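Structure first, commentary second.
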Amino acid sequence: MSGVLALIVASAATVGTNVHLPPADTLDLAADLGGAWVRIDLNWDVAQPAPDQWNWAPFDAVIDGAIARGLQVYATLGYTPAWASTGNRRADGNHNDVPHAAAYRAFVEAAVARYRDRVGIFGTWNEPNLADFFEGTRQEWIDIVYRPAVLGIRAQCASCIVAGPEVATIGNVSDDYIQAALAAEVPTILSAHIYASFAQDDSAAGVTKDSFFNKLEARRVVGGFTVGEPSIRESMIAAGHDLPIWITETGRQATMGDPNQLEAQLYT
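Using the working numbering, read the sequence shown as starting at 1322 and increasing by one per residue.
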């Protein structure tokens, strides 16, 4: 998924672009947008394809390229290489497999040790509440991925910002994951993803389905009844915390114009 990396109060210093592992021209575009940050995928299966083999070159290029363009870097740490998998339960590839905890913790520490002077924020595993990204249970995620990530980051960089739990606010499971994460280890900032409509664009938003506001701030109230899953903020408060909230993936659907007209505009 691609989208915008943003704090709740948007400004040039708190907005960025989710670029995954991009080519140089994507970094150029991110810099041209005027935001301060890029969020990248620091993927374990790419960085350590074998137990004794490291491949840092793609990440060196992206991180150094971002810094050269005046961008700060937020790096999310996942996914499982085949050699570290405990089993391919869904038969859909190894990236979302439950890893061996010690191997994942070792990768986290190696990555943070290498990049702690260049990366401002390290994020825990991306969207662990979606099986496409993590096929284990919530408790397996806490024990094998989330806690080792938070502890590993802090072991190598006490001053680094830790972002988590990086959950998707799709369906009805983000509340459970947020509360479980905050009960296990408290990150520096609470990070989550919202792909929901805005009321000004969609008359159903906030009525028959959650709006962006409902996902972030407060549940829907329809006919005097509260419906839908608790918001990110409500889940955090219920867990007894008051952390900065970062929405590290979001987006607004845009309809592209006629490609011939768009091309013509470039030359007129």
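C-beta atoms are modelled at their ideal positions from N, C-alpha and C, and glycine is treated no differently.
The model shown is predicted, which means the values in this text are computed figures rather than measured ones.
DSSP state of residue i mapped onto helix, strand, coil
i, result
"ARG1267", "This structure leaves residue 1267 out entirely; the chain is present only between 1322 and 1589."
"ALA1526", "strand"
"ILE1491", "coil"
"ASN1535", "helix"
"SER1332", "With a pLDDT of 48 at SER1332, under the threshold of 50, the predicted position of this residue should be treated as unreliable, though the coordinate-derived value follows. Coil, per DSSP."
"ALA1560", "coil"
"ALA1513", "strand"
"PHE1546", "strand"
"VAL1429", "helix"
"GLN1369", "coil"
"ALA1484", "strand"
"ARG1435", "helix"
"ASN1339", "strand"
"SER1323", "Legend: pLDDT at SER1323 = 47, less than 50; position of this residue unreliable, value from coordinates given subsequently. Of the three classes helix, strand and coil, the one that applies to SER1323 here is coil, per DSSP."
"GLN1500", "helix"
"ARG1573", "coil"
"ARG1411", "coil"
"GLN1521", "coil"
Burial state of residue i, where buried means 16 or more other Cβ atoms lie within 10 Å
i, result
"ILE1566", "buried"
"GLN1521", "exposed"
"SER1480", "exposed"
"VAL1543", "exposed"
"ASN1493", "exposed"
"ASN1339", "buried"
"GLY1561", "exposed"
"ASN1447", "buried"
"PHE1533", "buried"
"PRO1344", "exposed"
"SER1556", "buried"
"ILE1474", "buried"
"ILE1553", "buried"
"PHE1443", "buried"
"ALA1559", "exposed"
"ASN1535", "buried"
Extent of the continuous beta strand (DSSP E) run through residue i
i, result
"LEU1363", "1358-1364"
"THR1397", "1393-1399"
"GLU1570", "1566-1570"
"PHE1443", "1442-1444"
Boundaries of the alpha helix (DSSP H) in which residue i is found, first to last residue
i, result
"ILE1388", "1378-1389"
"GLY1473", "1468-1477"
"LEU1451", "Careful: LEU1451 lies outside any alpha helix (DSSP H) and carries neither H nor E."
"ALA1345", "1345-1354"
Cβ distance (whole Å) where residue i is taken to contact residue j below 8 angstroms
i, j, result
"ALA1405", "PRO1420", "5 angstroms"
"THR1397", "LEU1354", "Actually they do not touch by this definition, with Cβ atoms about 20 angstroms apart."
"ARG1439", "ILE1388", "6 angstroms"
"ARG1541", "GLY1527", "6 angstroms"
"TYR1395", "GLY1457", "Not confirmed; about 24 angstroms, so no contact."
"ALA1476", "GLU1430", "6 angstroms"
"HIS1514", "THR1445", "So it is not a contact: roughly 13 angstroms between Cβ atoms."
"ALA1489", "PRO1508", "Going by Cβ atoms, the distance from ALA1489 to PRO1508 rounds to 16 angstroms, so no, they are not a contact pair."
* Asked: How about the stretch 1412-1429 and the stretch 1465-1475: do they share at least three Cβ pairs that are nearer than 8 angstroms?
  -> yes
* Between the stretch 1371-1381 and the stretch 1406-1418, are three or more C-beta pairs nearer than 8 angstroms? -> no
* Touch test, the stretch 1406-1413 against the stretch 1382-1396, Cβ-Cβ under 8 angstroms, three pairs minimum -> no
* Asked: Touch check for the stretch 1516-1533 and the stretch 1450-1457: three-plus C-beta pairs under 8 angstroms?
  -> no
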